[in-house]
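First up is the structure itself, then whatever we jot down about it.
Residue numbers (our numbering), protein chains in the order written: chain A, 44 to 924; chain B, 44 to 924.
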């Protein structure tokens with residue numbers, strides 16, 4: 044069996060962790076004990092299994108066999124039963140156990156007491172518990188939970204769960220062989236599989252074959268099944284990932300076309316032709332002090348041609364396209380979400396905020412319970428010790444958070460600056476070398492190593508920032524689970540975003556801009572001149588950096604972190620156990636399913652997955668003007684990512700608790716924020732980083748014949764070599780073979796022979812004004828267009844809103860008919876109570892005429908596993924131990 | 044009695060219009076027939092009165108007395124009863140009537156048949172009807188409607204109405220004398236009055252005394268009472284108006300301070316000092332061709348000083364302040380709305396979209412039923428003839444709409460241009476005059492008349508556009524009432540907005556910019572030069588225009604249209620009737636309340652009121668950079684407006700049907716849109732219309748000593764008078780007493796002696812770049828700050844969300860206790876039905892233990908009038924005749 048089922052290992056002794064069992068059947072429909080794990084009676088099925096770690100006294104640890112320290116376990120269980128005073132009659136005291144019991148200190152007793160209390164609470168709520176007597180894993184106890192029908196009903200009422208009327212439960216059992224046709228190829232309806240039932244134990248098998256496999260990458264995901272098996276939260280993640288990937292297809296195609304357009308027109312690009320033309324004998328000023336000498340512009344030919352691939356008018360079109368694409372994507376997702384809400388009967392569902400933790404300042408306790416909450420451990424502990432934190436209590440944590448965040452963002456900038464210094468210094472050193480081939484090679488090496496260093500730092504810092512954000516959020520003691528998650532996400536997002544994007548932002552907007560001019564260069568840290576861009580602008584380098592970051596992050600983080608490290612961990616775990624593989628296998632055979640699942644890795648939440656995608660979305664939208672291939676890269680990555688995540692969720696980690704959710708929460712806001720910021724960033728990239736505006740201005744304001752001829756000359760200012768500051772003139776002025784009087788540099792400045800030599804020229808200001816005008820126009824037009832798209836596409840798909848409307852009318856008619864039959868309402872005052880209008884969930888498995896709920900949902904039995912789990916999950920949360 | 048109660052006049056014969064009666068009591072609580080209008084039995088109270096117009100045969104019209112043509116009425120009523128076959132036994136046929144009946148044509152019969160059908164439908168729904176036998180108004184029939192308790196209950200269930208648990212109905216009856224203390228002075232809690240009961244007939248009296256009076260302008264409005272009497276829709280309007288007016292107070296204060304700052308610093312303003320200084324002997328180029336001559340800059344001294352009042356650095360601060368103010372206002376309103384929703388128990392309320400009209404292409408019918416809908420007449424008619432309109436059917440209407448809108452906006456621009464031409468031509472003509480005093484006088488006259496013409500055109504076009512928008516919306520055949528209203532509002536908004544703002548936009552952004560330069564002026568229509576601004580920029584004129592538009596619109600539209608015209612109409616109506624005042628009074632005495640109300644003007648909806656306020660909001664936010672006193676003007680207007688509207692609603696028009704609403708609907712979106720647009724408009728006003736940026740640039744880039752000295756000289760370019768185009772040089776070159784070689788004009792251009800004379804100078808481009816940079820920075824910073832304000836202030840007030848949370852917990856606990864008592868759920872499967880969890884309205888007046896609804900709302904009797912009305916209103920709508 045590939046599928047995992049149960050439980051979590053626990054860190055803190057005697058605390059409980061919970062995990063749902065995998066089975067889609069309601070109690071009533073369960074035909075026999077073999078259909079899934081059950082209680083000892085073979086009838087009541089196990090819904091959840093709680094595991095708890097049993098702290099063994101030191102002296103016993105080495106002696107315990109792998110098949111469990113029965114004595115300790117038994118004693119523990121016995122003492123628990125004694126305290127409880129029911130379930131099982133207290134067995135007579137075992138003298139050996141009694142001796143050990145004295146060694147357990149007060150702290151342990153306290154914890155055990157709390158566990159008992161918790162179990163009592165569960166029983167009081169109507170849940171049925173069973174301790175696992177055949178436990179084979181040392182140090183771990185299992186507590187099985189069964190939720191009877193009436194408890195499910197009651198809780199469903201509280202949660203206002205809706206049940207579907209649709210043709211659920213009508214398909215007969217089909218053999219597995221027929222099933223592969225269910226996840227249809229991409230162009231067909233994605234959710235066909237959703238409304239049909241499979242029998243419980245097959246779900247996982249189908250998911251494994253039809254979803255968690257690279258061979259089905261071209262098919263829609265079976266979202267309905269995913270939701271059935273993993274619950275709405277994870278279902279929504281994969282649905283979102285699917286929509287995003289699907290939407291990337293047109294973006295990738297257009298991006299590729301834009302790139303190909305660049306390739307096709309590179310030979311017709313007049314500016315690069317002029318640069319490459321040996322007849323334009325332009326002598327450029329040296330790129331560094333003393334060591335460098337004058338150089339010929341035509342040596343920049345290659346870079347200029349390469350730049351054209353990414354810096355052409357099609358790019359402007361593409362970034363407008365991508366801004367609208369982002370708006371469309373958001374709309375598309377809203378509609379899809381709405382549709383899923385409808386199909387999954389979540390339209391009336393309200394998310395309940397679960398109190399995270401008692402408010403107390405004991406930070407250890409905070410750490411403990413917060414940690415648990417994230418690990419799906421039952422909290423809150425110590426409800427009676429509630430302390431309300433005031434603003435004054437919280438202020439230090441907020442301040443710490445704020446300053447740490449600022450400090451870390453500062454660190455990120457410092458790292459970027461460090462890499463810059465690395466490049467500058469190495470480059471300066473290398474210009475001292477006399478061998479020109481060595482120079483060229485080393486220059487490429489420097490660029491390469493710098494990018495790799497950047498990447499490695501990004502990846503390392505990412506991990507640091509993840510831990511830091513969690514710590515800072517713990518300090519803040521958020522009140523609810525949801526608020527904890529949101530704060531954590533925001534912090535992680537800010538840090539990781541700054542980390543991933545600061546080198547890119549530097550390249551796009553700062554590099555080459557703070558250089559100064561010949562004779563008046565800007566120096567940093569002693570005598571290093573700031574970096575200049577290659578002749579054709581920084582766009583090319585920005586593009587390379589983006590490419591490396593995207594590919595590198597995706598390859599390393601996906602392959603190494605997500606696949607490699609878990610495998611290594613597993614290997615190590617296996618090595619540690621002192622059995623050989625045969626022994627291991629035999630041992631595994633004896634284990635029950637939940638015991639096997641205990642050895643799987645824990646589910647760490649969806650945040651890392653979302654975060655990865657959001658950063659990618661940032662790359663795709665923010666700097667798309669400089670790298671039109673980004674959507675294509677993202678698309679290729681995501682096609683793999685979906686299946687990779689699927690595999691991980693189905694086979695690698697313990698099955699997460701099915702959580703209900705209507706939407707993707709704060710991630711939607713982050714996406715929306717990003718797509719807004721993308722507009723302004725793209726406006727700046729186009730107008731300031733690319734040569735688009737200077738070209739346009741030249742063509743329409745300065746060109747004598749309205750063509751681009753002469754553009755290169757127009758962008759270069761003149762410098763009189765006699766104006767070099769003392770000690771900065773090149774050591775080898777005759778390097779090019781002739782004496783240089785005037786060299787050229789890329790800037791718009793007055794000529795040496797004007798009244799105000801080297802001042803910014805009129806052209807500079809005119810072009811600056813045009814650049815800014817472009818920003819204003821671009822930003823407002825694109826924002827307006829995005830808003831228009833937003834307004835044009837209704838949030839609720841028309842068929843869904845029609846359907847809802849129809850159901851309402853049908854419901855009213857039905858009710859009217861029923862009303863007429865009764866007559867009692869018309870003829871008297873209200874009949875001593877309220878009208879029996881069923882509004883939410885209706886538990887009426889014994890009813891033959893359908894009972895209509897408010898939105899016309901019939902319920903005859905519990906149709907889906909995740910609803911069942913959600914109900915129990917809530918019970919466990921609401922009544923803490 | 045001041046208060047109106049019932050009914051509406053109807054235009055189309057035999058159609059029905061409805062109006063709720065005013066009484067706050069439930070049937071059960073009504074202690075006697077004197078408490079309000081009742082049926083003939085004195086027991087059942089009248090909830091609604093429908094009126095219908097009886098088409099009289101031509102030959103009878105002149106003969107009927109004012110006390111009704113009984114024969115026609117009787118015959119009609121009799122024939123109706125016959126068709127119905129119940130209520131009253133068929134009276135024996137009157138031969139005279141029978142003769143007339145034959146004259147009624149088929150069309151009339153059809154309509155009557157439909158009315159019968161409609162009445163039958165109402166009866167079938169459980170409503171009780173009674174025809175008014177004592178009708179004293181000729182040509183009008185009245186149909187009284189009573190809704191019994193059980194019908195109210197049933198409909199309330201459908202509408203998921205919630206009833207409050209709060210201390211409603213607990214206060215004993217207080218005499219009226221005590222009541223004035225209820226609407227407390229402004230600084231206290233505004234809603235104290237809300238949770239206390241007054242007895243029904245007092246509501247209106249209290250509203251009249253404590254709300255619809257100018258003497259209480261400093262008090263909060265009794266919103267709770269307003270809502271009780273008029274329903275949520277109107278309650279929300281006044282609440283919104285109150286919040287807006289309240290928020291205007293800080294804006295008005297800051298605006299006044301900014302203005303005073305301008306006044307205080309006018310003497311220290313170096314540029315205006317320089318202009319006024321006679322030592323700066325600057326000769327300016329003529330302002331028009333031939334007729335005008337050179338002039339001295341110091342004659343512009345007054346304008347320059349006046350401009351400083353509105354064009355100083357404080358203005359920049361103020362427009363940032365106002366952008367944040369707008370964001371704050373929106374947030375504040377959201378919170379207030381949420382609070383009202385909670386207090387009014389609308390949290391779960393869903394607005395139902397009522398189908399407006401059968402989809403048919405018969406345009407007359409469309410007109411009829413759409414007209415009715417707006418007049419609160421019952422629609423849809425002819426439900427059985429439903430035809431679904433396809434896109435092709437709708438396309439012509441949409442196209443017509445679009446092109447008419449474009450055309451009308453074009454007309455608006457043309458009108459603005461016409462006024463410009465008027466000014467130009469008159470001014471040119473006036474320069475021909477030789478008398479300098481006449482010139483100055485006439486110049487002022489021209490400015491004044493132009494502004495007045497603009498204003499008059501705006502007001503006239505406003506009325507035209509209102510009618511046009513309605514007609515266009517009718518053409519589109521919207522599907523629901525709500526959609527009709529929204530489309531109408533959007534159209535009206537676009538047209539009225541273009542109308543009100545195009546002269547202002549022209550002044551702010553176009554005037555003085557398309558002038559050309561001396562020697563190369565821009566000419567329109569033959570030989571008119573475009574208008575220039577006064578020396579200190581157009582800000583001053585913009586300010587005057589805003590001032591006139593705001594004051595004029597408010598004075599004329601408020602006083603003339605809202606007060607004057609209704610009074611005149613009333614007078615005319617009274618004149619028309621051929622009774623003297625004594626007779627009239629006697630006649631009035633005989634009339635029942637609903638018959639009296641019939642003579643009041645109809646309620647035309649809230650749209651005009653909102654529209655007026657939205658346009659004002661536009662004035663306050665969009666051009667606040669140029670007119671810091673706008674908020675003050677708006678505040679003064681609104682203080683009057685609230686009481687004016689109150690008076691109108693309480694005494695002048697028929698009482699509108701209480702409509703439920705959760706929010707102010709599309710107006711919120713319009714406000715939001717406006718406050719977004721305001722940011723960019725203000726950015727442009729500051730950077731392009733005011734002199735803020737040029738001053739800043741001069742001070743930091745060009746000033747030799749870092750002060751503003753020399754700024755005026757810097758803004759003026761040189762012109763060599765020998766470069767005048769032939770025939771444009773002044774006829775009196777010696778006007779100033781000396782020969783002029785070089786004159787100056789306001790622009791940044793090269794000197795005549797440069798290489799490129801009269802080209803735009805480097806300063807021009809530098810300042811343009813700075814202006815645009817300011818726009819980019821201002822827009823993004825302010826948008827970010829607005830978003831931050833939006834994010835910072837939670838949408839739901841903390842106490843409300845706490846309250847909701849508490850109620851939920853209480854509810855869960857209560858339910859759990861009840862559950863424990865029952866036990867039947869725990870011990871068995873679900874008890875053959877559903878759980879009796881009361882979820883929405885609970886009609887349990889006979890119950891002694893409180894019955895808890897989902898959000899813990901108790902209901903023991905029908906507490907509020909507007910709920911009752913809403914229930915019946917829905918009934919009437921859902922089951923059409």
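Cβ coordinates follow ideal geometry from the N, Cα and C atoms, glycine included.
Since this is a predicted model, take the numbers as computed values, not measurements.
(message) Any contact between the stretch 696-708 of chain A and the stretch 716-726 of chain A? By contact I mean 3 or more CB pairs, one from each, below 8 Å.
(response) no
(request) Can you tell me which of 734/A, 163/A and 458/A puts its alpha carbon nearest to the alpha carbon of residue 315/A? (result) Indexing the first chain from 1 puts residue 315/A at position 272. Nearest option by C-alpha distance: 734/A.
(request) Out of 549/B, 677/B, 513/B and 789/B, state which residue places its alpha-carbon closest to the alpha-carbon of residue 537/B. (result) As a first step, residue 537/B must be located in the second chain, where it is residue number 494. Selected option, being the one with the closest Cα: 513/B.
(message) Using the three-state DSSP reduction, which class does residue 558/A fall into: helix, strand or coil?
(response) Position 515 of the first chain, counted from the first residue, corresponds to residue 558/A. In this structure, residue 558/A counts as coil in the three-state DSSP scheme.
(message) Rounded to the nearest angstrom, what separates residue 838/A and residue 801/B at their Cα positions?
(response) For the purposes of this step, residue 838/A is taken as residue 795 along the first chain, with counting starting at 1. For the purposes of this step, residue 801/B is taken as residue 758 along the second chain, with counting starting at 1. Near 55 Å, if we compare the C-alpha coordinates of residue 801/B and residue 838/A.
(request) Assess, as a yes-or-no matter, whether the stretch 558-574 of chain B is touched by the stretch 518-532 of chain B under the definition of 3 or more beta carbon pairs within less than 8 Å. (result) no
(request) Hey, could you find the ends of the alpha helix (DSSP H) residue 713/B is sitting in? (result) Here residue 713/B corresponds to residue number 670 of the second chain, with the count starting at 1. Segment 709-727, the alpha helix (DSSP H) holding residue 713/B.
(request) Could you give the DSSP three-state label for residue 844/A: helix, strand or coil? (result) Here residue 844/A refers to the residue found at position 801 of the first chain. Three-state result, residue 844/A: helix.
(message) For residue 407/A and residue 658/A, what's the separation of their Cα atoms in angstroms?
(response) In the first chain, the residue the question calls residue 407/A occupies position 364. In the first chain, the residue the question calls residue 658/A occupies position 615. Note that residue 407/A has pLDDT 34, beneath the 50 cutoff, so the model's placement of it is unreliable and the number below is only indicative. Looking at the two C-alpha atoms, the distance is approximately 33 Å.
(message) Let me check understanding here. Comparing Cα to Cα, which of 344/B, 276/B and 348/B lies closest to residue 306/B?
(response) What you label residue 306/B is simply residue 263 of the second chain in a count that begins at 1. Nearest C-alpha to residue 306/B: 348/B.
(request) Spatial neighbours of residue 925/A within its chain, please: CB distance less than 7 Å, with the 5 preceding and 5 following residues excluded, ordered by chain position. (result) It is not possible to answer for residue 925/A, since the shown part of chain A is limited to 44 through 924.
(request) Determine, using beta-carbon pairs with one atom in the stretch 547-555 of chain B and one in the stretch 746-754 of chain B, whether at least three such pairs fall under 8 Å. (result) no
(request) Could you check what DSSP says for residue 696/B in three-state terms: helix, strand or coil? (result) Within the second chain, residue 696/B is the residue found at index 653, counting from 1. Correct three-state label for residue 696/B: strand.
(request) Anything in the stretch 810-824 of chain A with a Cβ closer than 7 Å to a Cβ of chain B? List those residues in chain order, please. (result) 811, 812, 815, 816, 818, 819 and 823
(message) Can you pull out the residues from the stretch 799-810 of chain B whose beta carbon lies closer than 7 Å to at least one beta carbon of chain A?
(response) 805, 808 and 809
(message) So, at 8 Å on beta carbons, what are the nonlocal neighbours of residue 549/A in its own chain, with the 5 sequence-adjacent residues on each side left out?
(response) On the first chain, residue 549/A is found 506 positions in, with the first residue counted as 1. Same-chain partners within the cutoff: 459 and 463.
(request) Under 8 Å between beta-carbons, which chain A residues line up against residue 723/B? List them in chain order, please. (result) Position 680 of the second chain, counted from the start, is the residue given in the question as residue 723/B. 823, listed in chain order.
(message) Residues in the same chain with beta-carbon distance under 7 Å from residue 557/A, minus the five sequence neighbours each way, listed in chain order, please.
(response) Counting from one through the first chain, the residue named residue 557/A turns up at place 514. Closer than 7 Å at the Cβ level, and outside the excluded window around residue 557/A, lie 565 and 573.
(message) I need the straight-line Cα distance from residue 625/A to residue 155/A, nearest angstrom please.
(response) Locating residue 625/A in the first chain gives position 582, where the first residue counts as 1. Locating residue 155/A in the first chain gives position 112, where the first residue counts as 1. The straight-line gap from Cα to Cα measures roughly 37 Å.
(request) May I ask which residues mark the beginning and end of the beta strand (DSSP E) holding residue 344/B? (result) As a first step, residue 344/B must be located in the second chain, where it is residue number 301. Looking at the DSSP string, residue 344/B is not in any beta strand (DSSP E); the run it does join, the alpha helix (DSSP H), is 344-353.
(message) Which runs of the alpha helix (DSSP H) at least 4 residues long sit entirely within the stretch 243-272 of chain A? Give them in chain order.
(response) 243-253
(message) Spatial neighbours of residue 643/A within its chain, please: C-beta separation below 8 Å, excluding the five flanking residues on both sides.
(response) Looking up residue 643/A in the first chain gives position 600. So the list reads 47, 695, 696 and 697, once near-sequence residues are dropped.
(message) Which residue wins for smallest C-alpha separation from residue 586/A, given the options 354/A, 835/A and 90/A?
(response) In the first chain, residue 586/A corresponds to position 543, counting from 1. Of the candidates 354/A, 835/A and 90/A, the one whose C-alpha sits nearest the C-alpha of residue 586/A is 354/A.
(message) Judging by CA-CA distance, which residue of 547/A, 729/A, 528/A and 760/A is the nearest neighbour of residue 647/A?
(response) On the first chain, position 604 is the one that residue 647/A refers to. Comparing Cα-Cα distances from residue 647/A to each of 547/A, 729/A, 528/A and 760/A, the minimum goes to 528/A.
(request) Using only alpha-carbon positions, find the residue among 373/A, 506/A and 332/A that is nearest to residue 834/A. (result) Within the first chain, residue 834/A is the residue found at index 791, counting from 1. Ranking the options by Cα distance to residue 834/A, first place goes to 373/A.
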